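Taking the numbering used here, the leading residue of the sequence shown gets 9, the next gets one more, and so forth.
We put the beta carbon where it would ideally sit given N, CA and C, even for glycine.
Predicted model only: the values in this text are computed from it and were never measured.
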Amino acid sequence: DEVLSLMEANDNHAEEHTVAEFIEFCVNGRTDKSGEWTSKGVGKYLEGGKEAGGMLVDQRFCPRIVEGELRYNCVGPELVGIIHKKPKEGGISAVGGTGSIYTFYGPDEPKFKNLTDNFLKKDLNFVMPSLGLGDEPIPLWWTTDFILASPEGTPAEEEKWIVGEFNCSCVGISKCLPAYCKDDTPNANWNDIPDEDKKEAMVYGDKMGKVALSILANACGGTSPIDVSALTQIAKDYLGLKEQPANPKFRTALVQIYVRSAPYGGSDKSSNGHRYDMVPFANGMINAGISCQPIHYVHEEHDTFFEVVKNFDALIVRCNPGQIKADGGS
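Right, dumping it as structure tokens:
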């Protein structure tokens, strides 16, 4: 019967539930024993067992998260930028769209030198093997979020930083956030991003194109972009996208999800239905001579979708966790 004070990391909303209600929600979802939940989640986190991805992660809570976390943005093995992400007052999460404050630093920022050197020179080569992915390349675009766990006053060389998450499934390019639809910016698009921020976003995109070329070096390639006319076109337009190369070195698709029942198509969307940072990803590939066609997965077209995408040399998947299910898929 003890009461837990809970805060959801994806939007910083708070709820209170008894221990019994919390366990019921985690195991069985919303039932007459779970109490009333306002969470966007459906619970049932263990459903299907390990084989189906059912799990709960017991993660250490670091109280100094309220001071912010450091996001290390990487393209392959290269650190390209550091973001200090401070949660909105009273919150513990600094995800986009929650009022958090972002401060941007270059990869060589002196104040973080100790952490950067340890991560890049000592730890990086162990990341993929530790995840059971030793034979896979480091992701094209990924992040590591660090939270300071040492007490205040600890010398920099003795600080202990905890990794809150590695992310390569839906990492956003923060410079593109002005193109992100919210209640106060329902018509946001690529043109709302300041020119200087567009240039910085394209620095990342162009680096990704070069890394993609190296990853695809042994692929067969093709002579022209792929015919995707069998797929439903969800996007209203392709604002900001460059023309596809007529004779691409390799052929890729940027796969997205549009939640038809959600405002703006779900989180991370521009008003045309694409992810708010689609342009630098796709144009970075195009600048490297790789075609990159933005498409959407529609679960009713599952079989057709996979018939089409098997023709690509690679897929860049930009699907937020839970959005396929939120759109009615599985």
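Starting from residue i, trace the alpha helix (DSSP H) both ways and give me its first and last residue.
i: E32; result: 27-36
i: N291; result: 286-295
i: T162; result: That residue, T162, is in no alpha helix (DSSP H); it is neither H nor E in DSSP.
i: K215; result: 203-223
i: I332; result: 331-334
i: K130; result: Looking at the DSSP string, K130 is not in any alpha helix (DSSP H), and its letter there is neither H nor E.
i: E59; result: From DSSP, E59 is part of no alpha helix (DSSP H); its letter is neither H nor E.
i: E1; result: Since the first residue of the chain shown is 9 and the last is 338, residue 1 is not available in this structure.
Where does residue i land, buried or exposed, given buried means 16+ other C-beta within 10 angstroms?
i: L141; result: exposed
i: A209; result: buried
i: D131; result: exposed
i: I234; result: buried
i: R268; result: exposed
i: L139; result: exposed
i: T46; result: exposed
i: S278; result: buried
i: E29; result: buried
i: A60; result: exposed
i: I181; result: buried
i: F69; result: exposed
i: C300; result: buried
i: N4; result: Past the boundaries of the shown model lies residue 4; the chain is included only from 9 to 338, so the question cannot be answered.
Can you tell me where the beta strand (DSSP E) with residue i in it begins and where it stops?
i: A261; result: 258-264
i: S13; result: 11-15
i: F112; result: 109-113
i: E77; result: 77-83
i: W149; result: Careful: W149 lies outside any beta strand (DSSP E) and carries neither H nor E.
Would you tell me roughly how many angstroms separate the C-alpha atoms of residue i and residue j, rounded to the nearest one?
i: I91; j: D200; result: 21 Å
i: M293; j: G89; result: 20 Å
i: I303; j: E309; result: 12 Å
i: G297; j: E117; result: 32 Å
i: Y80; j: D40; result: 43 Å
i: N133; j: E144; result: 12 Å
i: L87; j: G248; result: 26 Å
i: N20; j: Y272; result: 20 Å
i: P288; j: P95; result: 26 Å
i: E315; j: L224; result: 21 Å
i: S158; j: K119; result: 16 Å
i: H25; j: N36; result: 15 Å
i: C176; j: C327; result: 10 Å
i: L54; j: E23; result: 21 Å
With H, G and I counted as helix, E and B as strand and the rest as coil, what does DSSP make of residue i?
i: R72; result: helix
i: F154; result: strand
i: S198; result: Residue 198 is actually Trp in this sequence, not Ser. Three-state DSSP puts W198 in a helix.
i: A322; result: strand
i: A227; result: coil
i: Y272; result: helix
i: S138; result: helix
i: A238; result: coil
i: A187; result: helix
i: P233; result: coil
i: E44; result: coil
i: T302; result: Rather than Thr, the amino acid found at residue 302 in this sequence is Pro. Strand.
i: N122; result: helix
i: E86; result: strand
i: H21; result: coil
Under the criterion of a Cβ to heavy atom distance below 6 Å, does residue i qualify as lining the ligand GDP?
i: I155; result: No copy of the ligand GDP appears in this structure; indeed no ligand is present at all.
Quick one: does residue i have its CB under 7 Å from some CB of chain D?
i: E23; result: Among the protein chains of the structure shown there is no chain D, as only one such chain exists.
Using a Cβ distance threshold of 8 Å, determine whether the stretch 74-85 contacts the stretch 54-66, with at least three qualifying pairs required. no
Does the count of Cβ pairs from the stretch 235-244 and the stretch 269-286 closer than 8 Å reach three? yes
Using 8 Å as the threshold, is the stretch 245-260 in touch with the stretch 216-235, meaning 3 or more CB pairs across them? yes
So, do the stretch 151-159 and the stretch 172-181 have three or more beta carbon pairs nearer to each other than 8 Å? yes
Assess, as a yes-or-no matter, whether the stretch 176-193 is touched by the stretch 214-222 under the definition of 3 or more beta carbon pairs within less than 8 Å. no
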